[in-house]
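If you're matching them up, the sequences are chains A and B in order.
First residue of the first sequence: 1, per the UniProt record's numbering; consecutive thereafter.
First residue of the second sequence: 1, per the UniProt record's numbering; consecutive thereafter.
Even for Gly, the Cβ is constructed at its ideal location relative to N, Cα and C.
A short worksheet on the structure shown next.
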Amino acid sequence: MTISTQTFASGVGPRPHGSLAEREVRERVGTLFRFATAGSVDDGKSTLVGRLLHDSKAILADQLESVTRASAARGFNGGEPGSEPGSEPGSEPGGEPGGQQIDLALLTDGLRAEREQGITIDVAYRYFATDQRSFILADCPGHVQYTKNTVTGASTADAVVVLIDARKGVLEQTRRHLCVLRLLRVPHVVVAVNKIDLVGYSAEVFTAIADEVRKVSARLGLADVLVVPISALSGDNVVDRSARTSWYTGPSLLQILQALPSTDELERGQEPFRFPVQLVIRPQGALAPELAAEPAETGDGGPDTFRDYRAYAGQLASGSVAVGDRVTVLPSGLSSTVVGIDFAGTDISVAVAPQSVSLRLADEIDIARGDLIAAAGTFVAPTQDLHAELCWLSPKPLCEGAKVLIKHGSRTVTALVRAVTGKLDLASFQEQAASGLELNDIGSVQIRLASALPVEPYARHRRTGAFLVIDPLYGNILAAGLVKDHPGDHEDER
Amino acid sequence: MSIYTTEDTTLASDDTRAGAKVSAGAAFGAAAAPPRMTSLDVLESEALHIIREVVAEFERPALLFSGGKDSVVMLHLATKAFWPGKVPFPVVHVDTGHNFPEVIAFRDRTVERLGLRLVVGRVQDHIDSGELAERADGTRNPLQTAPLLEAIRANRFDAVFGGARRDEDKARAKERILSLRDDFGQWDPRNQRPELWNLYNGRHTVGQHVRAFPISNWTELDIWRYIERVGIELPGLYYAHQREVYARDGMWRAVGDVSLPRADEPVLTKMVRYRTAGDMSCTGAVESTAATVAEVIREVAASTITERGATRADDRISEAAMEDRKKDGYF
Chain A
1 MTISTQTFAS GVGPRPHGSL AEREVRERVG TLFRFATAGS VDDGKSTLVG RLLHDSKAIL
61 ADQLESVTRA SAARGFNGGE PGSEPGSEPG SEPGGEPGGQ QIDLALLTDG LRAEREQGIT
121 IDVAYRYFAT DQRSFILADC PGHVQYTKNT VTGASTADAV VVLIDARKGV LEQTRRHLCV
181 LRLLRVPHVV VAVNKIDLVG YSAEVFTAIA DEVRKVSARL GLADVLVVPI SALSGDNVVD
241 RSARTSWYTG PSLLQILQAL PSTDELERGQ EPFRFPVQLV IRPQGALAPE LAAEPAETGD
301 GGPDTFRDYR AYAGQLASGS VAVGDRVTVL PSGLSSTVVG IDFAGTDISV AVAPQSVSLR
361 LADEIDIARG DLIAAAGTFV APTQDLHAEL CWLSPKPLCE GAKVLIKHGS RTVTALVRAV
421 TGKLDLASFQ EQAASGLELN DIGSVQIRLA SALPVEPYAR HRRTGAFLVI DPLYGNILAA
481 GLVKDHPGDH EDER
Chain B
1 MSIYTTEDTT LASDDTRAGA KVSAGAAFGA AAAPPRMTSL DVLESEALHI IREVVAEFER
61 PALLFSGGKD SVVMLHLATK AFWPGKVPFP VVHVDTGHNF PEVIAFRDRT VERLGLRLVV
121 GRVQDHIDSG ELAERADGTR NPLQTAPLLE AIRANRFDAV FGGARRDEDK ARAKERILSL
181 RDDFGQWDPR NQRPELWNLY NGRHTVGQHV RAFPISNWTE LDIWRYIERV GIELPGLYYA
241 HQREVYARDG MWRAVGDVSL PRADEPVLTK MVRYRTAGDM SCTGAVESTA ATVAEVIREV
301 AASTITERGA TRADDRISEA AMEDRKKDGY F
């Protein structure tokens, strides 16, 4: 099929659709990396974010000017009590413009209430780029509803930067954060020991904290935690390595973030193909006007070409798929062969996660929104019984017997929470007996589904192991759900 | 576990190519390297996923289409999401009466080419009926909310796509991709639903509707790179052209019926272009010689001022101008 994708014809620099690799070379656009920050109140998270944006030149003159004005109006003097603004003129934080101190936190605290109270209320998304990467940064507030915010930010993150105040060391909340990150299987955790300037750039203090972090991480089974000493306020080891921490020979925070592989890079080739069907594309008479009106260059276009067009639209959740691959449709269990992959009018032979494509199959089988197409022979049977961990995100508590909605992939089903089997004590990492869950609790539950879902354990498949718990009355999100282990393990409890 | 305390780390600290080293290692396994997606590829697929999800979960979606570059990219993505079918929803435009005529002409051409239904809400109608009053500063931008909500109500739209981006403004940086609005179209920034993984929750109650922002994660530069890549046509005012302008509030304002210079504001002819296509009465031009997409990309990449800071008087009303408008039901 050679249908032009250029629905918006233009004389202004149109480019042919090349392969991904070709395009990358031509456009010199890097890969995408999503990361989140987490920390307790006053760990200097917003300052760190402001510093990253400022030092990577993502802050433009008018934004800086507005923040400078606001900082002056608020009598900002360098932020921290005990810091020594101006002790090193010219190299100090936010020295520009005109050597005036600016409150970097104001770059991200955008809401009225945040600015008035000097706190971060909601997750803010920020964007900056280096030569190699475009970064999406989710700045997650640490004070109230920290689990909700951390779970939200971490669910899509390739890495999470956990801040620790060098003067305070590992806190209760640090342990909680690390626990949540372990639960969500965030691919990379970086611990930034902030305010290292306020402990006199002490190697001893840093080493002690790094040891403690290592101990906690080991207990949690959290692998590959990186620890870096920084000062967000004065910029040490944030973008460039600092001469003031000569005892630290590792990379700066930004160097780490540039080097870590993203989730898709990590999982590619390792995860099997999974594709939740969002829509069946079956235009029949309702073709795009340019397809209905004129045949394509080859003469085989026009309405006739698409009379029987039928494809399944969705985004690859994991893995890759190629024309000729055998696939199984769930929950029906029927199999077929991929005969075509369309990317908006371009016929491609291979698709990889997280591409959005349309698949055409050899056989006419019953497939609808909510079904999952998977690599043949890689899936266990769909189940009506879920054993899962829930991160409870709602002020409305969970009681046993609650009726909820569950959204998994592109399907939403009614469900009953049969039992709450335990609640995680985030300080000791032990599960305790519980009969309900409240805001910020993480607990284990058994759920009965009104119809079977093709779930997999979250520990093995993050996409097919994740679901939302939704309030059937108001539509609000009650919890983030993680499928715990193979449903078959609980056959005897039915 | 690798804690950085010695020189012997897997990441060479000064090696700018460290990323290549790590990702070329065990991460990819022995399998042949599959095509790598650039950030623009990922953003495009993310947007397609969101557009399809909203169409699947809502009864009556619509797309806000002003002819501005972000909404043009949105409409292009919509044609891709449903190819070879036609875009399965109408487009809505709030006509302030202060729009650039060439942008309106572009809007009409595009809508006709794609065979779409266009719903227009007019600020003038609401002024004539006495529901809205002209502002002292002459801008009509903040007056768009009433006709927008009226169009949503009259057509019973339950989801409205917008081309808003989070990098545009600090209030937008806080808004969800699917943003729930109450009966009055109001945004409650302190009570937003969490957005987890790529699972979007479209549930809402009667009277509520959702604003969907599939290109939330795109930056101005992403938009332009995408326009270049797929060859998207834009209204001509985005490219350098000769125009009669006068200086006001540090911006070049176009001379027009709704944008007349005062006696002390001399009119000059300048080579300019627009970074945003808002109202003539509140949008400024920037001096530019960038006449092609490639030249615009170079200019945007080198710019030291944000697009809204450079060209939008409506955002200069106060530090939280966008937040205040959104709370009232604005885009």
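Item: Beta carbon proximity, residue 231 of chain A to chain B, threshold 9 angstroms; Value: no
Item: Below-9 angstroms beta-carbon distance, residue 92 of chain A vs any chain B residue; Value: Low confidence applies here, because residue 92 of chain A scores a pLDDT of 36, under 50, leaving its location unreliable and the question unanswered by this model.
Item: Spatially closest choice to residue 395 of chain A from A:432, A:365, A:441, A:363, by CA coordinates; Value: A:441
Item: Partner residues on chain B for residue 410 of chain A, Cβ-Cβ distance less than 8 angstroms; Value: 53, 56
Item: Residue from A:287, A:388, A:262, A:307 with nearest C-alpha to residue 464 of chain A; Value: A:388
Item: Partner residues on chain B for residue 286 of chain A, Cβ-Cβ distance less than 8 angstroms; Value: 85, 86, 88
Item: Cβ-based contacts, 8 angstroms cut-off: residues of the region 144–167 of chain B near chain A; Value: 166, 167
Item: Candidates A:286, A:318, A:39: closest to residue 85 of chain B by CA position; Value: A:286
Item: Integer Cβ distance of residue 275 of chain A from residue 373 of chain A, believed to fall under 8 angstroms; Value: 4 angstroms
Item: Three-state class that DSSP yields for residue 282 of chain B in the structure shown; Value: coil
Item: Span separating the alpha-carbon of residue 381 of chain A from that of residue 334 of chain A; Value: 12 angstroms
Item: Cut-off 8 angstroms between Cβ atoms - residues of its own chain near residue 30 of chain A, not counting five sequence neighbours on either side; Value: 129, 130, 131, 132, 133, 134
Item: Residues of the region 64–83 of chain B whose Cβ lies closer than 8 angstroms to any Cβ of chain A, in chain order; Value: 72, 76, 79, 80, 81, 82, 83
Item: Simplified DSSP state of residue 227 of chain A, which is helix, strand or coil; Value: strand
Item: Expected contact under 8 angstroms - CB spacing of residue 56 of chain B and residue 361 of chain A to nearest Å; Value: Wrong, their Cβ atoms sit about 19 angstroms apart, outside the cutoff.
Item: Contact test: residue 56 of chain A Cβ vs the ligand SAM heavy atom, cutoff 8 angstroms; Value: No copy of the ligand SAM occurs in the structure displayed, which carries no ligand at all.
Item: Range covered by the alpha helix (DSSP H) that runs through residue 284 of chain A; Value: Residue 284 of chain A -> no alpha helix (DSSP H), and no H or E assigned at all.
Item: Neighbourhood of residue 150 of chain A by C-beta distance below 7 angstroms, restricted to the same chain and skipping five residues each side; Value: 38, 140, 177, 180
Item: Nearest residue (CA-CA) to residue 92 of chain B, options B:329, B:220, B:110, B:118; Value: B:118
Item: Alpha helix (DSSP H) segment containing residue 195 of chain A, residue limits; Value: No alpha helix (DSSP H) contains residue 195 of chain A, which DSSP labels as neither H nor E.
Item: Of the residues B:232, B:180, B:68, B:82, the one placed nearest residue 278 of chain B, counting alpha carbons only; Value: B:68
Item: Cβ of residue 285 of chain B within 9 angstroms of any chain A Cβ; Value: no
Item: Backbone CA spacing between residue 508 of chain A and residue 331 of chain A [nearest angstrom]; Value: Nothing can be reported for residue 508 of chain A, as the shown portion of chain A is limited to 1 through 494.
Item: Buried versus exposed call for residue 326 of chain B [16 or more other C-beta atoms within 10 Å across all chains shown]; Value: buried
Item: Contact list for the region 192–209 of chain B against chain A, Cβ threshold 9 angstroms; Value: 192, 193, 194, 195, 196, 197, 198, 199, 200, 201, 202, 203, 204, 205, 208
Item: Span of the beta strand (DSSP E), counted from its first residue to its last, around residue 351 of chain A; Value: 350–352
Item: Under the three-state DSSP convention, the category residue 49 of chain A falls into; Value: helix
Item: Touching by the beta-carbon criterion (3+ pairs, under 8 angstroms), the region 413–425 of chain A and the region 351–358 of chain A; Value: no
Item: Residue 339 of chain A at chain B interface by Cβ criterion, 9 angstroms; Value: no
Item: Local Cβ density within 10 Å of residue 273 of chain A, reported as buried at 16 or more and exposed below that; Value: buried
Item: Residue 215 of chain B - DSSP class collapsed to helix/strand/coil; Value: coil
Item: Endpoints, beta strand (DSSP E) assigned at residue 61 of chain B; Value: 61–64
Item: Near-chain B residues of the region 359–391 of chain A (beta-carbon distance less than 8 angstroms), N- to C-terminal order; Value: 369
Item: Neighbourhood of residue 376 of chain A by C-beta distance below 7 angstroms, restricted to the same chain and skipping five residues each side; Value: 326, 327, 328, 335
Item: Three CB pairs or more closer than 8 angstroms across the region 203–218 of chain B and the region 151–166 of chain A; Value: no
Item: Segment limits, alpha helix (DSSP H) that includes residue 179 of chain A; Value: 172–183
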